[in-house]
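Enquirer: Numbering (this note's numbering), first residue to last: 94 to 174.
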Amino acid sequence: AEARTASFLLGLSARYSRVGLSAARFHLPMARADIAEYLGLTVETVSRIFTSLQKKGLIEVSNREIKLLEIESLRGIVSAA
Numbered sequence: 094a095e096a097r098t099a100s101f102l103l104g105l106s107a108r109y110s111r112v113g114l115s116a117a118r119f120h121l122p123m124a125r126a127d128i129a130e131y132l133g134l135t136v137e138t139v140s141r142i143f144t145s146l147q148k149k150g151l152i153e154v155s156n157r158e159i160k161l162l163e164i165e166s167l168r169g170i171v172s173a174a
């Protein structure tokens, strides 16, 4: 679940970067419930993972605004899965 969520965030980052926007700071295009449905997870799991990634210092989340602080560490989570 953590790897799927990290992969989702990295995918958004890459898409924003391709259109000339910030790869590290962006607005989530969907609510957590929609993210959970898209990833095949529960809303609670997505919320727990976001909290865990924040506690690890990898991301900052404020409402639907997200900042990726440690992109390489997020890539590490994806590749370790």
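C-beta atoms are modelled at their ideal positions from N, C-alpha and C, and glycine is treated no differently.
Return the chain-ordered ranges of every beta strand (DSSP E) run that is complete within the segment 129 to 171 and spans a minimum of 3 residues.
Expert: The qualifying runs are 152 to 155, 158 to 161.
Enquirer: PHE129: buried (16+ other C-beta within 10 angstroms of its C-beta) or exposed?
Expert: Sequence inspection shows Ala at residue 129; the Phe mentioned does not correspond to that position. ALA129 should be labelled buried.
Enquirer: Would THR98 be called buried (16 or more neighbouring beta carbons within 10 Å of its own) or exposed?
Expert: Looking at its Cβ environment, which holds 16 or more other Cβ atoms inside 10 Å, THR98 is buried.
Enquirer: Can you tell which of ALA124, LEU134, GLU163, THR135 has the C-alpha that lies nearest to the C-alpha of LYS148?
Expert: Looking at the Cα atoms, GLU163 is the closest of the given residues.
Enquirer: Short of 7 Å in beta carbon distance, which residues of its chain neighbour LEU151, apart from the five on each side in sequence? Order them along the chain.
Expert: Counting only Cβ-Cβ distances below 7 Å, and skipping sequence neighbours, we find LEU162, GLU163, SER166, LEU167.
Enquirer: Shortest alpha-carbon distance to ALA117 belongs to which of LEU102, SER172, ILE142, VAL171?
Expert: Among LEU102, SER172, ILE142, VAL171, the Cα nearest to that of ALA117 is on LEU102.
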